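Notes follow once the structure below has been shown.
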Amino acid sequence: MLIQAVIALLQAPYANLPQYPVANTFDPLATPGQAEKGIALLTIAITTGIFVVTAGLIVYGIWRYRIRPGDDATQEPPQVYGSNQIEVAWTVIPILIVFVLIGVSVRVIAAVQNASPSQSSVKLQLIGHQWWWTVNYPQFGVVTANEIHVPVSPDGKMVTEVRLESVDVAHSFWIPQLAGKMDLIPNRINYTWIDPHQPGVYYGNCAEYCGTQHANMLLRVIAQPTADFNRWAYEQKQPAVDDPNAAEGKKAFLSLACVNCHLIKGTPSAGVFGPDLTHLMSRQTIGAGVLPLNHENLRAWVNDPQQIKPGCLMPSMKLTGPELDHVVAYLETLH
Ligand code: CUA
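Following this note's numbering, the numbering of the sequence shown begins with 100 at its first residue and continues without gaps.
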C-alpha cells in the first residue's frame, strides 16, 4: 500500500500542484499575459463595434430598400455622386481606430520588452530542437528538457528571464496563461520573461510550424514556491544515481549508440543532441509531452520511438526483449 503510494507519487511528480491543462489566454496568471489580455479585450471590443455597425447598416439597407409590390424592376435607382463629408468621415475614423490600436499595442510590447531582470532573477536558456526543448539554468549548473521549473512570483517582482535560441529551424515559445508568443530563431537570441503569480503546472507548446512533429513539441512550466524551486534545482544538479541493481542495464545503455545523443551526468554518456537523461524520472512526460512518463510508455518509447512520434530523430535501437528490460530498468533509476 505504502509502496504503491510512493510509486504513484514518483510517477506523478508535482501532482499536488494545480494543473492548468486548458491553456486559456483569457485567464492569465502572470504579468505579461495580463497586459496582453488587456489589448486582446480592447481589440475585440473595437472590432465587435465595427462589425455591429457595418453589418447593421447592410441589414438595414437590404430591408429598407427591398423590392416592394408595385416597384418597377427595370427602373434604375437615382444616380448620385458621393458626399465629401461621408468620404472624409469613413477615411478618418478608421485611421484613428488603427492609431489607437497601434498605440496601445506598442505601449504593452514596450512594457513587456523593457522589463529588466533583477539581481535575484532566475536566468533560463531555452533551446529549440526538432522537436523538443533544452532547458538550461547556467546559474545553477542545471540542464533538463521539456519541463521548465520556475519560482512563483506572488508580488510580480521576481522575474524569470527566458533567453530563446534554436539549433535548427524557427520555433516559438508559448505558454498562453503566462505570456505571448516569442520565436526561437537560428543565429539570433530573443528574450522574454514569465512570472507565474500562483503555483501550478502551466501547459504550453511550440507555436511556429517546425516540421512533422511540431504538434508534439510540448512544454510544461512548473511554478513552485522559491524554497521548493531551490530544492528542485539542488537535486537536478546532482550526478545520476548509481543503483547497483541496475548495473546490467547501465552497462547495456553505455554500450549502445544512446551515449552519442544523451547525457547522463556522472557516466561516460555525454551526448548533447538529445535530451539530458540524468534525472529523467523527475519529469512528467517523455518525447516532449507526447506521453505521460510511466513504465509501459517508457518501454514502448525505447523499443521504437518511431511508433509513437514518427519522424523524431531517435531511431529504434532494435533491442531484444531482455536488453530492453535492462535498459528501461536502468533509466527508471534516474530520479
Ligand atoms: Cu517547434 Cu513547432
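In this text, a Cβ means the ideal position worked out from N, Cα and C, and glycines have one as well. All values derive from a computational prediction rather than experimental measurement.
Review point. So is the beta-carbon of residue 308 under 7 Å away from any non-hydrogen atom of the ligand CUA?
Key: yes
Review point. Between which two residues does the alpha helix (DSSP H) carrying residue 335 extend?
Key: 325 to 336
Review point. Would the beta-carbon of residue 380 be found less than 7 Å away from any heavy atom of the ligand CUA?
Key: no
Review point. Could you give the C-beta distance for residue 297 and residue 251, rounded to a whole number, given that I count them as a contact under 8 Å?
Key: 6 Å
Practice item. Kindly give me the distance between the Cβ atoms of residue 315 and residue 408, rounded to whole angstroms, as I take these residues to be in contact under 8 Å. Key: 6 Å
Review point. At a cut-off of 7 Å, is residue 360 close to the ligand CUA when judged by its beta-carbon and the heavy atoms of the ligand?
Key: no
Review point. Measuring CB to CB, does residue 303 end up less than 8 Å from residue 273?
Key: yes
Practice item. Check residue 414 in the structure and name its three-state DSSP category. Key: Residue 414 falls in the coil class under three-state DSSP.
Practice item. Specify, as a first and last residue, the run of the alpha helix (DSSP H) that residue 205 falls within. Key: 183 to 213
Check your understanding: Would you report the Cα separation of residue 110 and residue 361, rounded to the nearest angstrom?
Key -> Residue placement at residue 110 cannot be trusted, given a pLDDT of 47 that sits under 50; what the coordinates show is reported in the next sentence. About 22 Å.
Exercise for review: Run the CB neighbour count on residue 368, radius 10 Å, all protein chains shown included, and call it buried at 16 or more, exposed below.
Suggested key: buried
Review point. In whole angstroms, what is the alpha-carbon distance linking residue 375 and residue 420?
Key: Per the coordinates, the alpha-carbon of residue 375 lies some 25 Å from the alpha-carbon of residue 420.
Check your understanding: Do residue 230 and the ligand CUA come close, with the Cβ less than 7 Å from some heavy atom?
Key -> yes
Exercise for review: Report the rounded CA-to-CA distance for residue 305 versus residue 285, giving the unit in angstroms.
Suggested key: Straight-line Cα distance between these residues: approximately 15 Å.
**Study point:** Residues sharing a beta bridge with residue 299, DSSP
**Key:** 322
**Study point:** Boundaries of the alpha helix (DSSP H) in which residue 398 is found, first to last residue
**Key:** Per DSSP, the continuous alpha helix (DSSP H) segment holding residue 398 begins and ends at 394 to 402.
Review point. Just to confirm, does residue 227 get its C-beta within under 7 Å of one of the non-hydrogen atoms of the ligand MG?
Key: Only the ligand CUA can be found as ligands here, which leaves the ligand MG out of the picture.
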